[in-house]
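Just below is one structure, and these are the notes that go with it.
Residue numbers (this note's numbering): 4 to 134.
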């Protein structure tokens with residue numbers, strides 16, 4: 004593979020994403036973002052959405068709360084005939100400020116906080132590869 008294909012998405016975690024006390028977002032939400040990143044990577048690489056087969060490593064490193072902005076990024080690190088090995092990272096780039104009486108306060112973080120890392124494998128059947 005001569006060029007590295009990368010995908011990046013950024014979105015705000017909403018009150019709907021909060022699953023636990025204190026507006027804590029379920030870690031599985033990061034895996035959902037990684038699935039979206041993987042889909043874009045496969046479309047860019049093969050012209051098909053493919054299928055996510057398995058995660059081989061997932062690390063939850065910091066909490067995510069409603070109001071946080073999360074940036075999820077991934078890239079393909081190796082390719083087989085139909086398999087694509089990928090790595091992912093989710094970073095908090097804006098944090099809900101938790102200011103009493105000001106529920107809409109937020110802070111842009113000077114340095115992103117890595118909240119989750121993962122690696123996994125996706126497959127695009129040979130007959131579905133268009134590139």
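Just so it is clear, CB atoms sit at the ideal spot from N, CA and C, and this is done for glycine as well.
Self-check item: Backbone secondary structure at residue 83 - three-state DSSP
Solution: Residue numbering aside, residue 83 sits at position 80 when the chain shown is read from its first letter. It is coil, neither helix nor strand.
Quiz prompt | Paired residues, beta bridge with residue 101 - DSSP | solution = Taking the chain shown and counting its residues from 1, the one referred to as residue 101 is at position 98. Per DSSP, none; premise fails for residue 101.
Self-check item: is_contact[residue 123, chain C] using C-beta, thresh 7 Å
Solution: Checking the listed chains, one finds no chain C in this structure; it contains a single protein chain.
Quiz item: Between which two residues does the alpha helix (DSSP H) carrying residue 39 extend?
Solution: Here residue 39 refers to the residue found at position 36 when the chain shown is read from its first residue. Residue 39 -> alpha helix (DSSP H) spans 31-49.
Exercise. Report the three-state DSSP secondary structure of residue 123 (helix, strand or coil).
Key: The residue labelled residue 123 in the question sits at position 120 within the chain shown. Of the three classes helix, strand and coil, the one that applies to residue 123 here is strand, per DSSP.
Practice problem: Run the CB neighbour count on residue 121, radius 10 Å, all protein chains shown included, and call it buried at 16 or more, exposed below. | Solution: Here residue 121 corresponds to residue number 118 of the chain shown, with the count starting at 1. With 16 or more Cβ atoms within 10 Å of its Cβ, residue 121 is classed as buried.
Quiz item: Are the segment 5-15 and the segment 49-63 touching, with three or more C-beta to C-beta distances below 8 Å?
Solution: no
Exercise. Could you tell me if residue 7 is buried or exposed, where buried requires 16 or more neighbouring beta carbons within 10 angstroms of its beta carbon?
Key: As a working note, residue 7 is residue 4 in the chain shown. Per the 10 Å Cβ criterion, exposed.
Exercise. Over the uninterrupted beta strand (DSSP E) stretch that includes residue 56, give me the two end residues.
Key: Numbered from its first residue, the chain shown carries residue 56 at position 53. 54-63 is the span of the beta strand (DSSP E), which, as asked, contains residue 56.
Self-check item: residue 80 and residue 90 closer than 7 Å at C-beta
Solution: Your numbering for residue 80 matches position 77 in the chain shown. Your numbering for residue 90 matches position 87 in the chain shown. Going by C-beta atoms, residue 80 is nearer than 7 Å to residue 90.
Self-check item: For residue 118: DSSP bridge partner residues
Solution: Taking the chain shown and counting its residues from 1, the one referred to as residue 118 is at position 115. None, per the DSSP bridge assignment.
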